[in-house]
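Undergrad: Here you go, one structure.
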Amino acid sequence: MRHVVTGDRNAYDRCIFQVLDHAGHTLLITGLGVYPNTGVIDAYATLRTADGRLRAVRASDALGDDRTRLAVGPLRITVEEPLRRFRLRCEPDPDDPASLSFDLAWTADFPALWEPHHTQRRGGRLTLEARRFVQAGSVTGTVRADGAVIPVTAGEWTGTRDRSWGVRPIPGEDAGRAAADHPTEGFHWLWCPARFDDRFVMVILQEDADGHRTLNSAVEVREGRRDRQLGWPYADIAYRPGTRHPERAVLHLTDPADRKPLELRAEVLTSSPLAVGAGYPPADDWQHGTWQGRDWTDRRTYDLTDPAAHPLAAYGVTDHAARFTLEGRTGYGIFEHGSIGRHDPSGFTGFDSVAPAAGEERP
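If you count the sequence shown from 1, position 188 lands on 1300 in this note's numbering, and the numbers rise without skipping.
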């Protein structure tokens, strides 16, 4: 664990936890990553609330030798039982006791699920190679922000999480001739963990500009049963007019027993763009894996009610807390989506293309 198999500077090992209430008022996202070949460890937490504000805490430090210590700055993840129970904590700012803090118990309700082996190339170079697993569960505890206490209670909140490792681009590297010869035309991404009372459904798809599928999975997980594959998923997404912000979607799946069509419907409740506060590209104030010096901590609040204030958010991936329905069941989870550049199946022609306004038709 101290010495990874590759000398690639972009080697990483990272996790993310999403915590959402079923009313759609609150979405908390927190994660931690290590970058062994650049000697960095960092972590973050963002809290989206119904008032449209996003409170963020980010911390970075030099990576130590103890890989079991999942802590940096005020943020800490404790593995209390592997693949089963976790404790997620954020200490308040000592100079501002009313700042964002939380103490949460995250408990898995279903076994972890392997995601497909994920690879991406630019020209002849392998730029991303990752293994991941995903899991869904329940969360209890307390979140505090601006003096308010938000109780996280059983049955009213859902938790999802993802763990990945491998090679993934870290800012600061010149992409060279490969980037000039192979510019990105378009990227279309969907990552949807949906937790129901008796099952967990995971849908993933990634497509190029022309709709060519490069990542694909739809699986149902139930305790004590073999995972059930749900065919080749297709998504019909209804976007807010004049944007690429999804409001609802239908994910078309297939029952393997009789090939009967299944419809997993998603209704977006609230949204948190990962390029704002959480350090995912193309964030311009902080990104994962970048050296900030020792003992660096940053806290800030973003106003998400004005989309024009965060123009880069539209060129990244957004986690949407969502209500899902499937064959009469209601569940909750994350509708993570990013559609950037050209995507022929959606009718998007370039980076400035958006869903038509009411009454308009695509050219």
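Virtual Cβ for every residue (Gly too), placed ideally from N, Cα, C.
Owing to the predicted nature of the structure, the values given are computational and were not obtained by experimental measurement.
In whole angstroms, what is the alpha-carbon distance linking P1305 and F1447?
TA: Going from the Cα of P1305 to the Cα of F1447 covers about 7 Å.
Undergrad: Over what stretch of residues does the beta strand (DSSP E) that includes D1274 continue unbroken?
TA: Note, D1274: beta strand (DSSP E), 1269-1279.
Undergrad: Between the region 1431-1439 and the region 1372-1387, do at least 3 Cβ pairs fall closer than 8 Å?
TA: Yes: the two stretches touch, three or more of their Cβ pairs being nearer than 8 Å.
Undergrad: Compute the distance between the beta-carbons of R1165 and D1415, then report whether it is under 8 Å.
TA: Their beta carbons are under 8 Å apart, which means R1165 touches D1415 by this criterion.
Undergrad: Can you tell which of V1251, P1393, H1229, V1264 has its C-alpha closest to the C-alpha of W1478?
TA: Missing from the structure shown is residue 1478; the chain here goes from 1113 to 1475 and no further.
Undergrad: Tell me the start and end of each unbroken alpha helix (DSSP H) in the region 1241-1323 that is at least 4 residues and wholly inside, in chain order.
TA: You should have 1288-1293.
Undergrad: Contact between the region 1325-1338 and the region 1455-1465: three or more CB pairs below 8 Å?
TA: As far as the Cβ criterion goes, the region 1325-1338 does not touch the region 1455-1465, which means the pair count is below three.
Undergrad: I need the straight-line Cα distance from L1485 to I1282, nearest angstrom please.
TA: The requested residue 1485 does not occur in the structure, where the chain is confined to residues 1113 to 1475.
Undergrad: Would you mind giving the Cβ-Cβ distance between T1252 and V1261, rounded to the nearest angstrom? I have them listed as a contact below 8 Å.
TA: Actually they do not touch by this definition, with Cβ atoms about 14 Å apart.
Undergrad: Considering Cα atoms alone, identify which of T1270, F1436, G1249, P1358 is closest to L1195.
TA: Nearest of T1270, F1436, G1249, P1358 to L1195, Cα basis: G1249.
Undergrad: Report the option in G1453, L1365, F1436, T1272 whose CA atom is closest to the CA atom of W1218.
TA: Comparing Cα positions, the closest option is T1272.
Undergrad: Return the residue from the list R1311, P1223, L1139, L1212 that minimises the CA-CA distance to T1442.
TA: With distances taken between Cα atoms, T1442 lies closest to R1311.
Undergrad: Comparing C-alpha positions only, which one of R1244, L1212, F1436 sits nearest to I1128?
TA: Minimum Cα distance to I1128 is reached at R1244.
Undergrad: Please identify the residue among R1406, D1410, G1405 whose C-alpha is closest to the C-alpha of D1482.
TA: The structure shown does not extend to residue 1482, since the chain is modelled only from 1113 to 1475, so the question has no answer here.
Undergrad: Quick check: what's the CA-CA separation for D1274 versus G1336?
TA: Distance between the alpha carbons of D1274 and G1336 is about 21 Å.
Undergrad: Can you find the residues in the same chain that come closer than 7 Å, C-beta to C-beta, to E1227, ignoring five residues on each side of it along the sequence?
TA: Correct list, in chain order: R1244, F1245, V1246, I1316, S1329.
Undergrad: Do the CB positions of A1157 and L1140 come within less than 8 Å of each other?
TA: Going by C-beta atoms, A1157 is nearer than 8 Å to L1140.
Undergrad: I need the boundaries of the beta strand (DSSP E) containing Y1156, first residue and last residue.
TA: Taken as a continuous stretch (DSSP letters only), the beta strand (DSSP E) holding Y1156 covers 1152-1160.
Undergrad: My output table needs one value for D1456: the three-state DSSP class, helix, strand or coil.
TA: D1456 falls in the helix class under three-state DSSP.
Undergrad: Could you name the residues of the same chain whose beta carbon sits closer than 7 Å to that of D1177, not counting the 5 residues immediately before and after it, in chain order?
TA: These residues qualify, in order along the chain: R1114.
Undergrad: Counting along the chain, where does the beta strand (DSSP E) carrying A1145 start and finish?
TA: A small correction: the amino acid at residue 1145 is Gly; Ala does not occupy that position in the sequence shown. Here the beta strand (DSSP E) through G1145 covers 1139-1147.
Undergrad: If we count the other Cβ atoms within 10 Å of its Cβ and call it buried at 16 or more, is D1125 buried or exposed?
TA: Per the 10 Å Cβ criterion, buried.
Undergrad: Thinking just about the alpha-carbon of each residue, which of R1167, D1215, V1169, D1205 is nearest to the one in T1190?
TA: Checked all of R1167, D1215, V1169, D1205; the closest Cα to T1190 is D1215.
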